[in-house]
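Right, one structure below, let's go through it.
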Amino acid sequence: DAGVIQSPRHEVTEMGQEVTLRCKPISGHNSLFWYRQTMMRGLELLIYFNNNVPIDDSGMPEDRFSAKMPNASFSTLKIQPSEPRDSAVYFCASAQGAAYEQYFGPGTRLTVT
Amino acid sequence: KQEVTQIPAALSVPEGENLVLNCSFTDSAIYNLQWFRQDPGKGLTSLLLIQSSQREQTSGRLNASLDKSSGRSTLYIAASQPGDSATYLCAGSRTGANNLFFGTGTRLTVIP
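Taken in order, these protein sequences are the chains called A and B.
When the letters of the first sequence are read in order and numbered with our numbering, they come out as residues 1 to 113.
When the letters of the second sequence are read in order and numbered with our numbering, they come out as residues 1001 to 1112.
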């Protein structure tokens, strides 16, 4: 398997623009997680899905962030409008189920100027 | 909120040395515990998973243990190699929850 796939790998955008990050989980995994990593706060969970259904979105910073999982093989994380403080590395991870090992994608490095 | 502390924050050792990385949780009600390594500019690579019914896991030169009563975990690396240089992160989940709480990491440098 190719592992968790994320795109784009790097994104540079101006403040106020919409940003969409994409993730393809490992085939057969039914749990998907979105994390954000910054120097100040480390790794934080934003939202996770089980069987395409959002279970916990309490980590989503504010209404500017939204995530969808229209099917078992694709998820998006959208930021609209983007702000400089959103600059971070965003990771997607997937797992076979709730109690199983999580596998991370390579991340998307987002820079908002 | 679960707080996860990793000690030391950074460690530099000569090649061949055995070493121990520490991780502690403020809430000892840990369900699963996972150790990762992260290379600069890269994603996280899963090293070991200790599931709820387990206390220890081993993979090659790595051994991880979990003491649920104290909320502490250790990662033991035997015969360290320069290729082990990376940041090591521990992460735990609580019973009934899927989300992982991450530590701040230990940056390991193995000197040839």
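We treat Cβ as the ideally placed atom computed from N, Cα and C, and that holds for glycine.
Using a Cβ-Cβ distance cut-off of 9 Å, determine whether residue i contacts chain B.
i, result
"L21(A)", "no"
"P59(A)", "It should be noted that the sequence gives Gly, not Pro, for residue 59(A). Yes, because at least one Cβ of chain B sits closer than 9 Å to the Cβ of G59(A)."
"S7(A)", "no"
"A93(A)", "yes"
"S27(A)", "no"
"Q17(A)", "no"
"E101(A)", "yes"
"L136(A)", "In the structure as shown, chain A begins at 1 and stops at 113. Residue 136(A) is therefore absent and cannot be evaluated."
"E11(A)", "no"
"E44(A)", "yes"
So the candidates are the options; which of them puts its Cα closest to the Cα of residue i?
i, options, result
"T108(A)", "P81(A), A93(A) and Q102(A)", "A93(A)"
"S1028(B)", "N1099(B), R1094(B), T1109(B) and G1103(B)", "R1094(B)"
"S87(A)", "R9(A), S27(A), T38(A) and I26(A)", "T38(A)"
"N982(B)", "S1080(B), S1053(B) and S1046(B)", "There is no way to answer for residue 982(B), as the model of chain B reaches only from 1001 to 1112."
"Q1051(B)", "T1104(B), P1082(B), R1107(B) and N1098(B)", "N1098(B)"
"I1077(B)", "T1106(B), A1010(B), N1018(B) and L1011(B)", "N1018(B)"
"G1103(B)", "L43(A), P54(A), Q102(A) and G28(A)", "L43(A)"
"E18(A)", "Y100(A), L77(A), Y103(A) and S73(A)", "L77(A)"
"A95(A)", "P54(A), L110(A), D56(A) and N50(A)", "N50(A)"
"N30(A)", "V12(A), I55(A) and H10(A)", "I55(A)"
"P61(A)", "V53(A), Q80(A), N52(A) and N71(A)", "Q80(A)"
"N52(A)", "A72(A), I26(A) and L110(A)", "A72(A)"
What do you reckon, are the CB atoms on residue i and residue j nearer than 9 Å?
i, j, result
"P1014(B)", "I1111(B)", "yes"
"S82(A)", "G16(A)", "yes"
"C23(A)", "S75(A)", "yes"
"L1048(B)", "L1075(B)", "yes"
"A1086(B)", "W1035(B)", "no"
"F33(A)", "L21(A)", "no"
"F1101(B)", "V1004(B)", "yes"
"L1089(B)", "Q1002(B)", "no"
"I5(A)", "G97(A)", "no"
"E1056(B)", "S1065(B)", "yes"
"V112(A)", "R36(A)", "no"
"G1105(B)", "Q1038(B)", "yes"
"S1059(B)", "Q102(A)", "no"
"A1079(B)", "R1107(B)", "no"
"T1109(B)", "A1010(B)", "yes"
"G1071(B)", "S1024(B)", "yes"
"L110(A)", "E14(A)", "no"
I'd like to know if residue i contacts chain A, where contact means its C-beta is closer than 9 Å to some C-beta of that chain.
i, result
"N1099(B)", "yes"
"A1091(B)", "yes"
"L1049(B)", "yes"
"G1043(B)", "yes"
"G1103(B)", "yes"
"F1025(B)", "no"
"Y1046(B)", "The amino acid at residue 1046(B) is misidentified as Tyr; the sequence shows Ser. Yes, because at least one Cβ of chain A sits closer than 9 Å to the Cβ of S1046(B)."
"S1054(B)", "Residue identity differs from the one stated: residue 1054(B) is Gln in this sequence, not Ser. Output row for Q1054(B): interface = no."
"Q1081(B)", "no"
With 8 Å as the limit, tell me which residues of the stretch 52-86 of chain A have their beta carbon closer than that to any beta carbon of chain B; keep them in chain order.
Within the stretch 52-86 of chain A, the residues whose Cβ lies closer than 8 Å to some Cβ of chain B are I55, D56 and G59, listed in chain order.
For the stretch 1009-1036 of chain B, which residues have a beta carbon sitting closer than 9 Å to at least one beta carbon of chain A?
Of all residues in the stretch 1009-1036 of chain B, Y1031, N1032, Q1034 and F1036 have a Cβ within less than 9 Å of some Cβ in chain A.
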